Amino acid sequence: MNRCAGRFASACVVVVCIAAGGLAQAQPTARYARRTLTMPRHTLRFDLAPPDHSGLDSGVLGEGYGLRIAGVDRAGDDDDAFVLFGLGAAYSFRDDLEVGAKLVPVRLSPDADYLDLEAYLRWAFLAARDVDIGLQVVVQFPTNQPRIFGTSAGIPMVFRLGGVARLEVAPEIEFTLWDADGDDDTEVFVSFDLPVALSFSVTERFYLGGTFGLYAFDFDRVDVRGGGHVGYSVGSGRPLVDIVGTVTVHGRRANRFGFLYGTGLRWELSGGIRMFLGV
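Numbering follows this note's numbering, with no gaps: position 118 of the sequence shown is 122.
Here you go:
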């Protein structure tokens with residue numbers, strides 16, 4: 005009898021250890037280099053900063069999170085500063101599937117305005133030990149003019165390099181319907197975006213890195229950009245808060261038909277937080 009009780013107790017210990025290990029793996033990790041392409045299941049994230057540094061922080065669609073200050077050159081005039089803000093939220097139904105939306109996209113200065121509401125879906129169809137590959141679809145709704153509608157399809161990829169570095173690559177094709185010249189004739193633009201980000205987890209909570217990107221508007225004018233980012237995590241598991249800052253510089257004055265509509269974006273500073281909660 006005692007032997008059976010001992011075996012039962014041992015089995016319970018093993019089950020508890022396995023469950024605890026599974027629970028630990030289900031928590032968002034503070035180390036950015038080890039994070040997966042999609043969040044652990046039943047995680048709610050509030051985005052007052054870019055959700056990542058590639059596929060959801062680049063192009064015309066799927067970008068614009070956090071508090072941002074952008075310096076632009078408008079047709080050769082003196083530089084103007086734009087202040088913008090984007091608040092989003094995302095939820096993971098499963099370990100390989102999350103959906104999100106940019107709910108509050110606004111321009112604060114000059115000419116305060118509500119911009120384009122967006123929603124996205126990200127599915128990681130390949131999740132290996134060090135590599136995740138997925139499919140991402142973004143839909144932009146016509147809550148601002150003159151753009152009518154937009155959607156994109158991309159293949160976000162994450163390469164975890166020894167738990168120290170993280171490479172993010174997210175090529176995508178963007179489709180935008182836009183009355184570009186105000187003549188009530190809607191035009192269709194097809195563009196290509198290629199964002200790349202390399203991040204290093206210097207400590208368990210602090211990371212830094214660089215970004216590079218190419219954006220070919222309508223496969224014609226090409227915008228080359230580069231920049232850097234830093235982040236620091238507070239907490240462990242859920243809740244977990246990332247404090248994030250980025251800087252971006254564009255290499256040429258290519259038209260950028262995003263939140264600034266046809267102005268040449270030269271530099272951008274952004275800051276904010278991501279917050280992960282268990283639901």
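The C-beta atom is built at its ideal place from N, Cα and C for all residues, glycine as well.
Note that the coordinates shown come from a computational prediction; the quantities given were computed from them, not determined experimentally.
Separation of the CB atoms of residue 133 and residue 102 is rounded to 20 Å, and the pair is thereby denied contact status at 8 Å. Closest in alpha carbon position to residue 33, among 211, 71, 177, is 211.
In the three-state reduction of the DSSP assignment, residue 209 falls in the coil class, being assigned neither a helical nor a strand state. For residue 31, no beta strand (DSSP E) segment is defined, and its DSSP state is neither H nor E.
Inclusion of residue 276 and residue 52 in the CB contact set at 7 Å is warranted, their separation being smaller than that value.
For residue 62, there is no enclosing beta strand (DSSP E), since its DSSP letter is neither H nor E. Scanning its chain for C-beta atoms nearer than 7 Å, with the 5 sequence neighbours on each side dropped, one finds around residue 87 the residues 73, 112, 113, in chain order. With fewer than 16 other Cβ atoms inside 10 Å of its own Cβ, residue 166 counts as exposed.
Take residue 193, set aside five residues on each side of it, and the residues of its chain with a beta-carbon closer than 6 Å to its own are 180, 222, in chain order. Under the DSSP assignment, residue 254 falls in the beta strand (DSSP E) whose first and last residues are 244-254. Straight through space, the alpha carbons of residue 60 and residue 137 are spaced by roughly 15 Å. In the displayed model, residue 36 falls within a helix according to three-state DSSP. Take the alpha-carbon of residue 91 and the one of residue 144: they are about 15 Å apart. Rounded to the nearest whole angstrom, the C-alpha separation of residue 239 and residue 245 is 6 Å. For residue 105, the enclosing beta strand (DSSP E) begins and ends at 101-113.
Taking residue 35 as the centre and dropping the five residues before and after it, the same chain places the C-beta of 205, 208 closer than 6 Å to its C-beta, in chain order.
Note that the C-beta distance between residue 231 and residue 251 is below 7 Å.
The C-beta of residue 139 has fewer than 16 other C-beta atoms within 10 Å across all chains shown, which makes the residue exposed. For residue 38, the closest C-alpha among the options 131, 157, 164 is that of 164.
Taking C-beta atoms as the reference points, residue 105 and residue 131 fail to come closer than 7 Å. The three-state secondary structure of residue 277, taken from DSSP, is strand.
When C-alpha distances from residue 142 are compared across 157, 128, 135, 148, the shortest belongs to 157. Taken through DSSP and simplified to helix, strand or coil, residue 161 comes out as strand. A straight line joining the alpha-carbon of residue 69 with that of residue 188 spans about 30 Å. Spanning the alpha carbons of residue 56 and residue 31 requires a straight line of approximately 17 Å.
Residues of the same chain with a CB within less than 6 Å of the CB of residue 190, apart from the 5 flanking positions on each side, are 152, 181, 183 in chain order. For residue 90, the secondary structure class from DSSP, reduced to helix, strand or coil, is strand. For residue 69, no beta strand (DSSP E) encloses it, and the DSSP letter there is neither H nor E.
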